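Trainee: Chains as they are written, first to last, in this note's numbering: chain A, 1 to 375; chain B, 376 to 667; chain C, 668 to 943.
We put the CB at the ideal spot given by N, CA and C, even for glycine.
Note that this is a predicted model, so its numbers are computed, not measured.
This is the structure, below, for whatever I ask next.
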Amino acid sequence: MRTYLSLAVLAAFALTAPAFAAGKSPAAGKTLKVGVIADVTGGAGVYGTPQKNAYELAGEDIKSGLIDTGGVLLTFDVQDAASDGNQVATLMQKFITDGSAVVLGPTLSGEAKKADPIAVKANFPVVGTSTTADGITSLGPCVYRVALSEAQVIPTTVKKTQASWKYKTAAIIYGDDNAFTKTNGDIFKEQLENAVVQIVATETFHQKDVDFQAQLTKIKEKKPDVIVIGALAPEGVKIIAQARKLGYTGHLMGGNGLNSPTIYNDAGPGAAGTAVGAGWYIGANYTGNKAFVARYKKRFGGDPDQFAAQAYAGAEVIAAVAKRGATTPAEICSGLKTLPLAQTVLGPIGFDVNRDVKSAPVILQIIKGGFAYFK
Amino acid sequence: MLVQQLVNGLVVGSVYALFAVGYTLVFGVLDILNLAHAAIFMVAAFTTYALVSVGVPLWLAFIGGCALAGVVGIALDRVAFAPLRKRNAGTLIPLISSIGVSIIIGAIARGIWGIDEKHFPVALGDAPPIHLGGITVTAVELVTFGAAIALMLGLSYVLRATALGRNIRAVAEDRIAAVLLGVDLEKTIVMTFFIASALGGAAGILTGLQYNSVTVDMGAGIELKGLAVIILGGMGSITGAVVGGFILGAVETLSVAYISSNWRDAIAFGVMFLILVVRPRGLFGKRALRAA
Amino acid sequence: MISFFTSHSKLFDQLAINALLALSLSVCLQAGQLALAQAAFMGIAAYISAILATQAGLPLVPCIVLGALGSTLAAMLLALPVRGLRGVFLAIATIGFGEILRIVANNLHITGGGEGLSQIPADANTFAIYGALIVVGLGLFGLSKTKFALAIALTREDETAARGVGVDTAGVRFWTLALGGTIAGIAGVLYAHSNFFITPADFGFGRMEQILVACVIGGSTSAVGAVVGSIVLTLLPETIRFLADYREVTNGAILLAVVLFAPQGIAGLWQRERRK
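Written as C-alpha cells, this is what we have:
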C-alpha cells in the first residue's frame, strides 16, 4: 500500500515539477491573514495548546522560508476560545468580518458544529485540523478538514488488526459525553460487527474520569480477545495502565486519541503492542516531517503530538493554496477545491469531493519509546 | 468479581472520604461551602510532584504538599472569607468568593506548570500488582487506603483529645456561645482551614499518585462528588464524611458492575437527591435543615 | 455603526440570552431561594424545542412556547420534593437535579446522547432574542408592582415572620421557582436556535456557575443587578482578550474584587452612589 502511495507521490511531483520550480505565487507580495480559533485554556487546553505551538512554529517557518508560500505574506492570528462555545462563535464572527481570509480550527467537533454554520452563511472557508466527528464537512461547501475522520481510519484499523490477531470477541470502552470519543466507540462497534466479531461488553466513561477499574473489572470477566478504547489520551493512558494492572492479558486497540508521543512512558510497559489507528506517524519519512518534529522538540521542549502535526499541516495547506494565488475567502474556498496535492507533515494530502482529507491512515503499534508501524 | 469490585470501591471511596472531610469541616464550623477546596486538592498534588521532581523523597514531599495546601487554605480564608465574615455576608457571597479564588488558583497553577499531564517519576507505580486469591490490588492502592484511614483517625484524635479540637467543635456547635466562653474565634477558624485544606491536599496527592496523573483540572470531577458525600454522611459530621465516602465509592463501583457505567454518576447524584428529600440530615448529621 | 453591530451580532445575542438566564435565577434569589437548577431548565427547553424543530419542523414561536412549558413543568415538579430545603441544602439538591438531567440527556437516543443535536434551524435572530428579553423584562417589571412582589421580598427577609403576617411563603417559593423555570426555558430555546447545535455539557454545572456569578456580581437581589452582571460577564472575555495568557487569572481576580468590595454587586454600587 505504502509503495503505491510513494509512486503516486513521485509521479505527481514529476508532473507538477515545472509549476513548483517557478517558485513565485501569482499573489506574491499580498498578505493573507489566517484566523485561528484554538482552546488554549479551559477543558480542551491539552489539545489547543499544541495547536497554538504548531502555528507559532509555522509562522517562524514561513518567515525563514521553510514553508513556501510563494512570496505571499501569511500570518496567523491565534485566539484562545477558552473551551467556551460562546467565545468560539464570537471569534468566528470576528474573523469573518476583520479581513481574515480563512479560519483554522476550532479545536473541538462540538465547537465546530456551533461555529462553522456562521462561516457557511458568510461563504467563508473553514479548515478543521482536529474536528474528526461525523457531520462536520457536510455543514457547508467551504468547510474542509485536514484530519482524517474516525470513519476513514477505523475500518483500516479493524481490518489490519483482525488479519494479524484474528480475534473473535471484543469489548468496547468509550467516552459517551464527547462527540469524538462517542463516534470512535460507535464506528468501532459497527466495523467489528461487520467483521463478525462478537462484542461481549460495552462500557462507557466520562471526560476527565480517572478511575476505570469498575468498568475494566466487568470487561475482564467476559474475557474478550481485544479491548477497544474509544478515548482521548488522558483517559486512554489510564485505561491501558489499569487494564494491565488488573491482569488483562489480551490485545488492546484504539483510535486517533491514543496517538500521543508519551503514551508508552505514561501507561507503562503493558501498553506495548497496543494498536492505534492514526492520521499521523511521528517517525514517517514524509517531506519535512522528521525536521518538523526536531524543530518542534527544540522549540517547545517535547515531541509534537497528532494535534500539533495536524495543525502544522493545516498551515502548510493554506500556504500551498496561497502559493497558487489565493488570498481572499472566495479564492481560498475554490483553491482548496482544486488543490491537487499539498506536501505536509502528514504526507501528501488532498481533498475529496466531500472536502474530507485524502490521505492514508496509518496503523501504528505502541512500542517502548513511542510507536512503530503495526505488524 | 464482587470482591474485586468492592476493593475498587474502597479505594475510590477512601479518596472521596478524605476530600469530603475537609469540605464538611469547613461547613460545620463556618456554614460555608468552600468551592475552592478542589483547587487546593490540585495544588497540593502539583506541589508534591514539583518536590519529587527535584529529588525530595516521596514521604517528605507528601508532607510538603499537605503543608502548602494548609497554608493556601489559610490564605483563602484571609482573602476571601474573613472580610465577608465581618460584614455578615450570608452564605451566598462566600460561595462566589470561593469560586473566584478557585479560578485564580487554577490560572496560577496553569501558568507555573502548564497544561500537560504530569507524571510522578517515582517507581511506586511500577511495583507489580499483588494478587490475593483472585483479586488484584497494587501497593499504591494499599498506601492510599492506609494513608486516608490514618489521616482521618488523626483528625478524629485532634478533635476529641486536644484543646484545638474542643474549640473547633465548640465553634461548630454554637459560634456565639463559643466566643462568649472565651474561644479565640479567628484563630480557631484559621486552624480549621489549615487542617481542612491539608486533608483536601492529601486527597489530591494520593489521587495523583494512585492514577499517576497530575493535571490542572484534576479537581473538577471530585468537586461535585464531594458534595454528594457530605450530604450522604451529614453536613458537619466527620464520621459522616468518612462513612459517606466509602459508601459512595462502593455504590458507584457496584452500579457500574451490576447496572451500567452510563448511569454511574446519575445514580450517585440520585442517591444524594433522595437523601436530601427523605432525610436531609444524612446519616450522621445533627443540624436541623428544615425551615422552622 | 450598523457594521459594528452585524460583525458582533453573536456577542449581542449572547448578551441577551445570558441576561435572561440571570433573570431566571434572580427571581429565585429575590425570594431567598438558592435554587441552582436554571441551567437544567434551560437544557430541558432547549432539547424539547430542538427535537421539535428538527423532527417536526416547528417554527420558532411554538418552539418557545412548548419548550418553556416543558421547563416550567419541570420546575414545578422539582419544587415539590425540595420544598423543605433551605440555603446550601437547596443549592446542592438543585445542583444534583441538574447533574442527573445532564446524564439522562447523555444517555438517551432521542437527545443524540453525547454527540448532541445538530442542524437546529437558526431562526432566532437578534430581534427575536431581544424581543423575548423585552417581553420578559416588562413582565417582571409589571410583577414588581404587585402584592406578590412584596410577598417575595418578605419571604426573603425573614420567612418565619412573613408567615406570621399571613404570607403564603410556600406559594411564593413554588411560583418563583416555576417562573425561574419559564424564563430559563425561553432562554434555552433561543440558545438552541441561535447556536445550531447543543450537547448535554452545555447545560451542566459550568453553565450554572456562570449564571450564578453573573447574578451575584451584578447584585443578587434585583432584576437590574442580574442584567448588569450578565452584561459584565459576557463582555469580560472579549474586553480583556488582549491580556491573552493572563485572562483567566484576571477573571478570577475581578470576580473576587467585586465580591469583596461591592457586596451588593455592581448595581448596588451604583445605587449607593445615587444615594450620596
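(1) Would you report the Cα separation of residue 928 (chain C) and residue 878 (chain C), rounded to the nearest angstrom?
(2) Going by DSSP in three states, residue 305 (chain A) sits in which element: helix, strand or coil?
(3) Starting from residue 700 (chain C), follow the beta strand (DSSP E) in both directions and report where the run begins and ends.
(4) Anyone know if the C-beta pair for residue 58 (chain A) and residue 264 (chain A) falls short of 7 Å?
(5) Counting along the chain, where does the beta strand (DSSP E) carrying residue 201 (chain A) start and finish?
(6) Looking at chain A, which residues of the region 634-663 of chain B have a Cβ within less than 9 Å of any of its Cβ atoms?
(7) Which residues mark the beginning and the end of the beta strand (DSSP E) in which residue 775 (chain C) is found?
(8) Using 8 Å as the Cβ pair cut-off and three pairs as the minimum, do the region 784-793 of chain C and the region 854-861 of chain C touch?
(9) Go through its chain and collect everything with a Cβ distance to residue 83 (chain A)'s Cβ below 6 Å, but skip five positions before and after it.
(10) Does residue 51 (chain A) come out as helix, strand or coil in the three-state DSSP assignment?
(11) Pairing CB atoms from the region 715-728 of chain C with CB atoms from the region 741-759 of chain C, are three or more of them under 8 Å?
(12) Can you list the residues of chain B that residue 234 (chain A) reaches, using a CB-CB cut of under 8 Å?
(13) Residues of the region 244-261 of chain A with a CB closer than 7 Å to any CB of chain B: list them in chain order, please.
(14) Given that residue 681 (chain C) touches chain A, what residues does it touch there, using C-beta distances under 8 Å?
(15) Please list, in chain order, all residues of the same chain as residue 871 (chain C) whose beta carbon is under 6 Å from its beta carbon, the five residues on each side excluded.
(16) Given a cut-off of 7 Å, decide if residue 735 (chain C) and residue 849 (chain C) are closer than it, judged by their beta-carbon atoms.
(17) When you compare the CB of residue 933 (chain C) with every CB in chain B, is at least one pair closer than 7 Å?
(18) What are the start and end residues of each continuous alpha helix (DSSP H) run of 4 or more residues lying completely inside the region 801-836 of chain C, in chain order?
(19) Please report whether the beta-carbon of residue 208 (chain A) lies at a distance below 7 Å from any beta-carbon of chain C.
(20) Can you look up residue 935 (chain C) in the DSSP assignment and give me helix, strand or coil?
(21) Touching or not, the region 632-641 of chain B and the region 675-693 of chain C, by the rule of three or more beta carbon pairs under 8 Å?
(22) Identify the residues that DSSP records as bridge partners of residue 351 (chain A): which are they?
(23) Just mark residue 507 (chain B) as buried or exposed, buried being the case when its beta carbon has 16 or more other beta carbons within 10 Å.
(24) With a CB to CB cut of under 6 Å and the five nearest residues on each side skipped, what residues in its chain are close to residue 266 (chain A)?
(25) Under 7 Å, do residue 577 (chain B) and residue 526 (chain B) count as touching if we go by C-beta distance?
(26) Take residue 774 (chain C) as the anchor and find which of A:85, A:101, A:223, A:179 has the nearest alpha-carbon.
(27) Would you mind stating whether residue 117 (chain A) and residue 102 (chain A) have Cβ atoms separated by less than 7 Å?
(28) Based on Cα-Cα distance, which residue from B:452, B:422, B:425 lies nearest to residue 566 (chain B)?
(29) Would you call residue 286 (chain A) buried or exposed, if buried means 16 or more other Cβ atoms sit within 10 Å of its Cβ?
(30) Does DSSP put residue 253 (chain A) in a helix, a strand or coil?
(31) For the structure I just gave you, are there three or more beta carbon pairs, one from the region 180-192 of chain A and one from the region 395-403 of chain B, closer than 8 Å?
(32) Using the three-state DSSP reduction, which class does residue 378 (chain B) fall into: helix, strand or coil?
(33) By how many angstroms is the C-alpha of residue 697 (chain C) removed from the C-alpha of residue 836 (chain C)?
(34) Step through the CB atoms of chain C and report whether any lies within less than 7 Å of the CB of residue 464 (chain B).
(35) Report the neighbours of residue 118 (chain A) on chain C: residues whose CB is nearer than 8 Å to its CB, in chain order.
(36) Output needed for residue 344 (chain A): all residues of its chain with C-beta closer than 7 Å, excluding positions within five of it in sequence on either side, in chain order.
Mentor: In short, the structure shows the following:
(1) Taking the first residue of the third sequence as position 1, residue 928 (chain C) is located at position 261. Taking the first residue of the third sequence as position 1, residue 878 (chain C) is located at position 211. The straight-line gap separating the alpha-carbon atoms of residue 928 (chain C) and residue 878 (chain C) is approximately 20 Å.
(2) In the first sequence, the residue the question calls residue 305 (chain A) occupies position 305. Residue state, collapsed to three classes: coil.
(3) As a working note, residue 700 (chain C) is residue 33 in the third sequence. Where residue 700 (chain C) is concerned, there is no enclosing beta strand (DSSP E), given that its DSSP letter is neither H nor E.
(4) Counted from its first residue, the first sequence places residue 58 (chain A) at position 58. Counted from its first residue, the first sequence places residue 264 (chain A) at position 264. No, Cβ-Cβ distance for residue 58 (chain A) and residue 264 (chain A) is not below 7 Å.
(5) On the first sequence, position 201 is the one that residue 201 (chain A) refers to. Where residue 201 (chain A) is concerned, the enclosing beta strand (DSSP E) stretches over 198-205.
(6) Hits within the stretch, in order: 635, 636, 637, 639, 640.
(7) The count along the third sequence starts at 1 and reaches residue 775 (chain C) at position 108. Where residue 775 (chain C) is concerned, there is no enclosing beta strand (DSSP E), given that its DSSP letter is neither H nor E.
(8) Judged by pairs of C-beta atoms under 8 Å, the region 784-793 of chain C touches the region 854-861 of chain C, as three or more such pairs exist.
(9) Residue 83 (chain A) sits at position 83 when you count from the first residue of the first sequence. Excluding sequence neighbours, residue 83 (chain A) sits near 39, 42, 43, 44.
(10) Within the first sequence, the letter at position 51 stands for residue 51 (chain A). Correct three-state label for residue 51 (chain A): helix.
(11) No, because fewer than three Cβ pairs between the region 715-728 of chain C and the region 741-759 of chain C fall closer than 8 Å, the two stretches do not touch.
(12) If you number the first sequence from 1, residue 234 (chain A) lands on position 234. Neighbours of residue 234 (chain A) on chain B, chain order: 492, 588, 590.
(13) Listed in sequence order: 245, 246, 247.
(14) For the purposes of this step, residue 681 (chain C) is taken as residue 14 along the third sequence, with counting starting at 1. Those within 8 Å of residue 681 (chain C) in chain A are 86, 89, 90.
(15) Residue mapping note: residue 871 (chain C) aligns to position 204 of the third sequence, counting from 1. Within the same chain, 769 come within 6 Å of residue 871 (chain C) by CB-CB distance, once the 5 residues on both sides are set aside.
(16) Position 182 of the third sequence, counted from the start, is the residue given in the question as residue 849 (chain C). Position 68 of the third sequence, counted from the start, is the residue given in the question as residue 735 (chain C). Yes, Cβ-Cβ distance for residue 849 (chain C) and residue 735 (chain C) is below 7 Å.
(17) The residue labelled residue 933 (chain C) in the question sits at position 266 within the third sequence. Not closer than 7 Å to any Cβ of chain B, the Cβ of residue 933 (chain C) fails to qualify, so no.
(18) The qualifying runs are 814-824, 826-831.
(19) For the purposes of this step, residue 208 (chain A) is identified with residue 208 of the first sequence, where counting begins at 1. Under the 7 Å criterion on CB atoms, residue 208 (chain A) is classed as non-interfacial with respect to chain C.
(20) Along the third sequence, read from residue 1 onward, the residue named residue 935 (chain C) stands at position 268. Correct three-state label for residue 935 (chain C): helix.
(21) Judged by pairs of C-beta atoms under 8 Å, the region 632-641 of chain B does not touch the region 675-693 of chain C, as fewer than three such pairs exist.
(22) Translated into the one-based positions of the first sequence, residue 351 (chain A) becomes position 351. As DSSP reads the structure, residue 351 (chain A) sits in a beta bridge with A:357.
(23) As a first step, residue 507 (chain B) is located in the second sequence; it is residue number 132 there, counting from the start. Burial call: exposed.
(24) The residue given as residue 266 (chain A) occupies position 266 in the first sequence. Answer for residue 266 (chain A): 237, listed in chain order.
(25) In the second sequence, residue 577 (chain B) corresponds to position 202, counting from 1. In the second sequence, residue 526 (chain B) corresponds to position 151, counting from 1. A contact, by the Cβ cut-off of 7 Å.
(26) As a working mapping, residue 774 (chain C) is identified with position 107 in the third sequence. Comparing Cα-Cα distances from residue 774 (chain C) to each of A:85, A:101, A:223, A:179, the minimum goes to A:179.
(27) Within the first sequence, the letter at position 117 stands for residue 117 (chain A). Within the first sequence, the letter at position 102 stands for residue 102 (chain A). No, Cβ-Cβ distance for residue 117 (chain A) and residue 102 (chain A) is not below 7 Å.
(28) If you number the second sequence from 1, residue 566 (chain B) lands on position 191. Measuring from the Cα of residue 566 (chain B), the nearest candidate turns out to be B:452.
(29) As a working note, residue 286 (chain A) is residue 286 in the first sequence. Buried, because 16 or more other Cβ atoms sit within 10 Å of the Cβ of residue 286 (chain A).
(30) Along the first sequence, one-based indexing puts residue 253 (chain A) at 253. DSSP places residue 253 (chain A) in strand when its eight states are reduced to three.
(31) No, they do not touch.
(32) The count along the second sequence starts at 1 and reaches residue 378 (chain B) at position 3. In the structure shown, residue 378 (chain B) falls within a helical segment according to DSSP collapsed to helix, strand and coil.
(33) For this step, residue 836 (chain C) is matched to residue 169 along the third sequence. For this step, residue 697 (chain C) is matched to residue 30 along the third sequence. Distance between the alpha carbons of residue 836 (chain C) and residue 697 (chain C): 13 Å.
(34) Taking the second sequence and counting its residues from 1, the one referred to as residue 464 (chain B) is at position 89. Chain C, which has a Cβ nearer than 7 Å to the Cβ of residue 464 (chain B), makes this yes.
(35) Here residue 118 (chain A) corresponds to residue number 118 of the first sequence, with the count starting at 1. Chain C residues near residue 118 (chain A): 677.
(36) Stepping through the first sequence from its first residue, residue 344 (chain A) is reached at position 344. Residues of the same chain with a CB within less than 7 Å of the CB of residue 344 (chain A), apart from the 5 flanking positions on each side, are 313, 316, 317 in chain order.
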